[in-house]
Amino acid sequence: MLKILKYSTYDLLRSRWAYLYLAFFLLFSGGLLYLSGDVSKVVISLMNVILILCPLIATMFGVMYYYNSREFTELLLAQPIRRRTIFWGQYLGLAISLSVSLVIGIGIPFVAYGILHGPEIWNFFTLISNGVLLTFIFSGLAFLIGLKNENKIRGFGLAIVLWLFFAVVYDGLFLLSLILFKEYPLEGFSLAATVLNPIDLSRIMILLKLDISALMGYTGAVFQKFLGTALGMGLSLLTLALWAWLPVWGIQRIAQQKDF
Amino acid sequence: MIEFKNIEKAFGKNEVLQGIDLRFAQTGCISAVLGPNGSGKTTLIKSLLGMVLPDQGSIEVNGQPIRREWAYRNQIDYLPQIARFPENLRVAELLRMIKDIRGGASRDEELIERFGLSPFLDKRLGTLSGGTKQKVNLTLALMYDSPIVILDEPTSGLDPVAMIQLKELIRQEKKRGKMVLITTHIMSFVEEMADEIVFLLEGKIYFRGSVAEIKTQHQAEGLEEAIAGILKGQLSATARTVAEPKSALQSIMSQLQTA
């Protein structure tokens, strides 16, 4: 698997998309740090960008890469290699190269700013690790979409719908249901609904880490009470891990049964 | 040894293979798998490589069932029908990559020389002509000296010089005791090269035997006519049943009445 991983990473790092992605994060985080100078505020601004952008780029780039490397995949399938090795290798190559762009792009400006010696290091670390986790989750889901759909247009359409759903529609439905059922106690429901969406879960985890949950009013207090406990934190980490594991498992399952 | 046991495969409603029982046991033998378009040749070969998973039946290579296995592919050289490569790679890079991934001894230099590929090694695969791509395809497929060689349409796009090279290569492999499986639509190629013919029709084995047998059986001069005869016979047979539905129905009704 390492060899497949090596070649797909190499292939991706050669394409200019990876550099564009890197350059964007370099400029954006560098610019924010330069302009505001307050690391906490920059982390919050970056959080909003990462929570939207990482899933978007990972899903779109994921399906694009899957369809583009179909020829290579067909070539490999006739070789004495396990099927899951091929697909896991390609998926990891994609997720790792996107994560590298993210970590370097945000890391360099922050390190240059002196984050390593400041008290904000853990906030920064939470931000980066959530970004990486989201990249893994969504590029895996994109691979699943590619494997399930031979038709490129359909695959791209589904990828956009997937991202829209988790980034935008889900929150809309969530808020709508909160308003509709405001007569009832909704703490349990809102906790569950948040935990089930990886983007929301990441957002809450970062906000809590930043200790600005007071800004979120009553709900913030509920979350603080839940996620502040070892059980809550464990549960949400477990859910994120489950989200990251789900595509890997799905890729293996579908790859096992698919005809090429 | 390759053995197909009662292989069935359907893509949706299209039943491509309908119970194939086949056994290739003889080494140093060239078998041609023939059949009209859509008769299931490529599906049969892809299922041997584990790229297509049969709905029914099992395939064994050297006595081992291949389902969910992968190491047996070390014993197979496979030439895919349509050469599809990553467009932005160079020929040399592709060869190096496959060698790195697969490991072990390879004889790519000999094949590059045989097909005259050295001027193209630095070219990107996307810019190559169809024939040159096929030569790259052949080099990739045959550079591992495996006991089983499967060639799906090896002649497509080749110029006469390359064709002669290919024939020579296949004969050489035969002499070295390999089991060679070829699919093609060029009958002169089959007549010249093949020791036996497996004729697929609508997902079933219609005929298996030597070239001479098929010719005498269908009283034809050449193989091409014999095959055309089979296909025409098949067509008129289906036509007959559809052409006279009324009389067929009447005869069935009269049979029912007497019964």
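Read top to bottom, the protein sequences are chains L and B. Position in the first sequence (from 1) plus 158 gives the number in the numbering used here. Position in the second sequence (from 1) plus 297 gives the number in the numbering used here. Beta carbons are placed, not taken as given, at the ideal position from N, Cα and C, and that holds for glycine. Bear in mind that the values here come from a model prediction, so they are computed numbers and not experimental data.
Open item on the list: Can you look up B:K501 in the DSSP assignment and give me helix, strand or coil?
Closed with: strand
TODO: With 8 angstroms as the limit, tell me which residues of the region 464–476 of chain B have their beta carbon closer than that to any beta carbon of chain L; keep them in chain order.
DONE: none
Task: Under 8 angstroms between C-beta atoms of L:T167 and L:F296 - done: no
Open item on the list: So that I know if they touch, is there some Cβ in chain L lying closer than 8 angstroms to that of B:F301?
Closed with: no
- [ ] Would you decide whether L:Q248 is buried or exposed? Buried here means 16 or more other CB atoms lie within 10 Å of its CB.
- [x] Its Cβ being crowded by 16 or more others within 10 Å, L:Q248 is buried.
TODO: For the beta strand (DSSP E) containing B:D559, list its first residue and its last residue.
DONE: This structure leaves residue 559 of chain B out entirely; chain B is present only between 298 and 556.
Open item on the list: For L:N206 and L:I364, what's the separation of their Cα atoms in angstroms?
Closed with: 10 angstroms
Open item on the list: Is it buried or exposed, B:Y375, if we count other Cβ atoms within 10 angstroms and call 16 or more buried?
Closed with: B:Y375 comes out buried.
Open item on the list: Suppose you measure from the CA of B:M394 to the CA of B:G519; what does that come to, to the nearest Å?
Closed with: Rounded to whole angstroms, the separation of the alpha carbons of B:G519 and B:M394 is 44 angstroms.
Task: chain B contact for L:F418 (CB, 8 angstroms cutoff) - done: yes
Open item on the list: Rounding to the nearest angstrom, what Cα-Cα distance links B:A491 and B:H482 in this structure?
Closed with: When rounded, the distance between both Cα atoms is 13 angstroms.
Open item on the list: Across the region 256–271 of chain L and the region 401–421 of chain B, are there enough close Cβ pairs to call them in contact, namely three or more that are closer than 8 angstroms?
Closed with: no
Open item on the list: Contact between the region 317–335 of chain L and the region 343–358 of chain L is defined here as three or more beta-carbon pairs at a separation below 8 angstroms; is this criterion met?
Closed with: yes
TODO: Measure from the alpha carbon of L:N309 to the alpha carbon of each residue in L:T397, L:D196, L:L299 and L:R228, then state which is nearest.
DONE: Of the listed residues, the one whose Cα sits closest to L:N309 is L:R228.
- [ ] For chain L, find out if any of its Cβ atoms is closer than 8 angstroms to the Cβ of B:I398; answer yes or no.
- [x] yes
Task: First and last residue of the uninterrupted beta strand (DSSP E) at B:E300 - done: I299 to F308
- [ ] Measure the CB-CB distance between B:V508 and B:E488 and report whether it falls below 8 angstroms.
- [x] yes
Open item on the list: How far does the beta strand (DSSP E) with B:N311 in it extend, from its first residue to its last?
Closed with: N311 to F321
Open item on the list: Using a Cβ-based criterion (distance less than 7 angstroms to any ligand heavy atom), does L:L331 qualify as near the ligand ADP?
Closed with: Of ligands this structure carries none, so the ligand ADP is not represented either.
Open item on the list: Along the region 364–393 of chain B, where does the CB come closer than 7 angstroms to a CB of chain L? Name the residues.
Closed with: Close to chain L, meaning a Cβ-Cβ distance shorter than 7 angstroms, are the following residues of the region 364–393 of chain B: W367, A368, R370, N371, Y375, P377, R381, F382 and P383.
Open item on the list: For the alpha helix (DSSP H) containing L:Q414, name the first residue and the last one.
Closed with: A388 to Q415
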